[in-house]
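Step one of this worksheet: look at the structure below.
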Amino acid sequence: MNFAQQQTYEENPFQFELDSKKFLQKLEKERNSGYNDDDEEQKQVPHTQKLYQTSAKSTRFGLLQKLEDQTNKLAQERDEMFVNEAKMRDPNQPQKIDEIAQHIKHFNPKLMEYRDDEARKTIYGKEDKKKDYELQEMKKKKYRIKSILREKRETITDFIEKKREICLANLNIMTKKEETERLEDFIKNEQESLRARRLYFKNDCELVKKFMNEVKFQADQAAYQADREAKKKDEVKTEVAKILAQIDRLKLQKTKYGEEFEKLDKYRQFLEKIKDTYKTKFSEFEKKDINLFSNQQSEQKNQFFVTGVDQREEQKQTQEQIEAERQQERMADLVIEILNNIEEGNLRNIQNQRDAEEDIEQKKRELEKLEQKLKNEQDEHLEMLKAEERKLKAQLKIQNQLKDQEKVDQTKLQFAEGEDLDMDKIGKKIIEIQQEATKNQDIMGKRLQIDSKVIKQVINQLEKIVIDLSESKLQFLLRSKTDFIEAEKKIKKEKQQQRLNNQKDEEKKKQIMERRNKKEEHLQKFYKGRHDMKRNYKQEKPVVETEETETDQNDDEKYLRESYELVYVPPQQKSHNQQQSNELNIKQNDRQQ
C-alpha cells in the first residue's frame, strides 16, 4: 500500500485490509500477546471478542458509540469469513514444477549432480534454519485449527440479525453524512466569517500602527520641543545672570556716585563757607571805599594845592584798591562757575542713574515676556499630551471590545448536548488567528506602554522646568522689588535735595547779579565827568593793563583747574550740559504728572 492509502486506513475505521495474509498475521500476533494457558475462561472466549474488547472501553457516547459497536461486529464477521475460507481450501494443492531442473536432468544428468552437490554445500548451513521455521509454521497451523474449532458456527438467526444491524448501520451512516454535510456548510460559513474578521483585524492593526506612528511622531515633536524649551531656559538663565550682573554693577556705580556726591556736597559746603567769608570781606571793602571817597573829597578841598608827587601816590593807591576789588569779583565769578559745573556733574550722575533704571525696567519687561511665552508653550504641550492620552484610552477600549467579541464567537462554536466533534483543523486555524491577534496586541501594548512612559517622562521634565522657572522668577522679582524700592527712596531723597540746592543756588545767583549791577552803576556814577591828573608822567598804555588782567585771570583759572579737575567743565560743553539738564527736568515733570 501507498502512504496515502495507509493514512486513510488509519484514519477511516470503516476500511479494512484486503490482503488476507496480512490480516491473519496481525490476528496471530494479537493472540500470542493476549493468550494465557492458565486462564480457561479466557481460552473459551472467541478471538474476535478479544480483538475488539478495547473498543468497548471508549469514552464516546451517543451515535458514535453505536457506530463503533457496529464496526466491531462487522470486523468480527469479516474475521469469521476469512477463517471459513481457509477451512474450505484443499491442503493438497499441486506445486509448481521447476522446468529448468527437468531440462538439465534430461540432457546432462552429471551437471545436475554437480549442481546439486554445490547447492548442498552452499545451502547446508541454511537447512537447519529452514527446518526450524517449518516446524514453527506447523505449530501455528495447528493452533489456528484448534482456535477455529473452538468457535461457534453461525446460524440463520445470527445471519439475519447481522444483516439487520448492517442496515441500521447504513441508515446511521446516511444520517451521519447529512450531519457532516450540514457541519461542512457551517464550517464554510464560519471560515468566511473568520476571513472577514481577519480582514477586520488587519484593518484595525493598520489603524493602530498609523495611530502609533502618529503618537511616536508627536512624542518626538514633544521631546524636540522640550529640548528647545530647555535651551531657551538655559538662555533665559544666562540672560538673567547677565541682568543680575548688570544690576550689581549699577549698584556699585550707585555707591560710587553716592560717595562722589557726598564728597562734592562737602566741597559745596566748603565753597559756601568761602562765599560767606568773601561776602563779609567785600562788604568791608565797600565800606572802606565809601569812607575813602568821602575822605578824598574832604582832602581835595583842603589840600587843593598839593604837589604832583603826592597826587601820584594817591592815584597809585586808588588803582591798587580798584584792582583788588576786580580780582575779588573775578574770584566770585570763578566760584559761581565752579558751583555750576558741580551742579552739571550731579545732573549727569542723576541722568546716568535714571538711564540705568530704565534699562533695568526694560530687561524686566523682556523677562516677563519670555516667561509668558514659556508658559504658553508649556500649556500647549500639556494640552497635546492630554489629547494623546485620550486617544490611547480610546484605542485600549476598542481592543477590549474586540477581545469580548472573540470570547462571544468562541462560545458560539461550542455546541450543546455534549457532542465532541472533530474540528481539529478549524480549531487550529482559530488558534493561529488568535495567536497572531494576541501577538499584535502584545506588541501594540508594549509600544503603547513605552510611548506612555516617554510621555510621562516628558511631562515630568516640563513640570520641573515650570517649577524652576517659577522659583527663579520669584527670586528675581523679590530682588528687583527690594532694589527698586531702595532706588526709588534714594531718588526721591536726591530729588528733594536737588530741588533745595537749586532754589538756594538761584537765590544766590540773583543776589550776586543784583550786587554786580549795583556796583557797576555806582562806578559809572563815580567816574562820570572825571579826568586823571597828568603832570610830569607819561600816559600809560591801556594794552598793558589788559594783558596784566588777562594773565592774572589765566593764573586763577590754572590754579582752579589743577585743584578741581573732576568738577571743572570747559565753556564749550556748558551748552550741551544745559540742554541735557532741561530735558531731564521735562521728564521729571512728566513723571510727576
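Residue numbers (my numbering): 391 to 983.
Note that beta-carbon positions come from the ideal geometry of N, C-alpha and C, so glycine has one too.
For a cut-off of 8 Å, the C-beta gap from F651 to N739 is around 7 Å, short enough to register as a contact. With fewer than 16 other beta carbons inside 10 angstroms of its own, L786 counts as exposed. The stretch 463 to 476 and the stretch 568 to 576 do not touch, with fewer than 3 CB-CB distances between them shorter than 8 Å. Rounded to the nearest angstrom, the gap between the Cα atoms of N462 and E580 is 35 Å. Counting other Cβ atoms within 10 Å of its Cβ, D469 reaches 16 or more and is therefore classed as buried. Taking the C-beta atoms as reference points, A612 is found nearer than 8 Å to M774. In this structure the stretch 763 to 770 does not touch the stretch 642 to 651; the number of beta carbon pairs closer than 8 Å is below three. By the Cβ-count criterion, K977 is exposed, with fewer than 16 other Cβ atoms from all chains shown falling within 10 Å of its own Cβ. Residue environment analysis places Q743 among the buried positions, since at least 16 neighbouring C-beta atoms fall within 10 angstroms of its C-beta. Take the alpha-carbon of K656 and the one of A616: they are about 59 Å apart. Relative to the Cα of Q888, the nearest Cα in the group E734, E747, I750 belongs to E734.
The Cβ neighbour count for R639, taken over all protein chains shown within 10 Å, is under 16; the residue is labelled exposed.
Burial check for E619: the Cβ neighbour count within 10 Å reaches 16 or more, so the residue is buried. R658 and K621 have their C-alpha atoms some 54 Å from each other. Contact annotation: I633 and K753 have beta-carbon atoms nearer than 8 Å. Residue nearest to E747 within the set I637, I550, F576, Q455 is I637 (criterion: CA-CA distance). Within the model, the alpha-carbon separation for I577 versus A586 is close to 14 Å. Annotation: I788 to F601 spans about 13 Å, alpha carbon to alpha carbon. Counting every other CB atom within 10 Å of its CB across the protein chains shown gives A635 a total below 16, marking it as exposed. Between D594 and L792, the C-beta spacing is below 8 Å. Cα atoms of L737 and D745: separation of roughly 12 Å, rounded to the nearest angstrom. Closest in C-alpha terms to K781, from the list Q526, V605, K529, N731, comes V605. Going by C-alpha positions, D548 is about 10 Å away from R554. Your pair L654 and I726 does not check out as a contact, with CB atoms roughly 16 Å apart and the cut at 8 Å. Taking every protein chain shown into account, the CB of K644 has 16 or more other CB atoms within 10 angstroms, so this residue is buried.
If you draw a straight line from the Cα of E756 to the Cα of I750, it is about 10 Å long. Here the alpha carbon of D794 sits roughly 18 Å from the alpha carbon of V598.
Going by beta carbons, E467 and K412 fall outside the 8 Å limit. Around the beta carbon of E878, fewer than 16 other beta carbons sit within 10 angstroms, so the residue counts as exposed.
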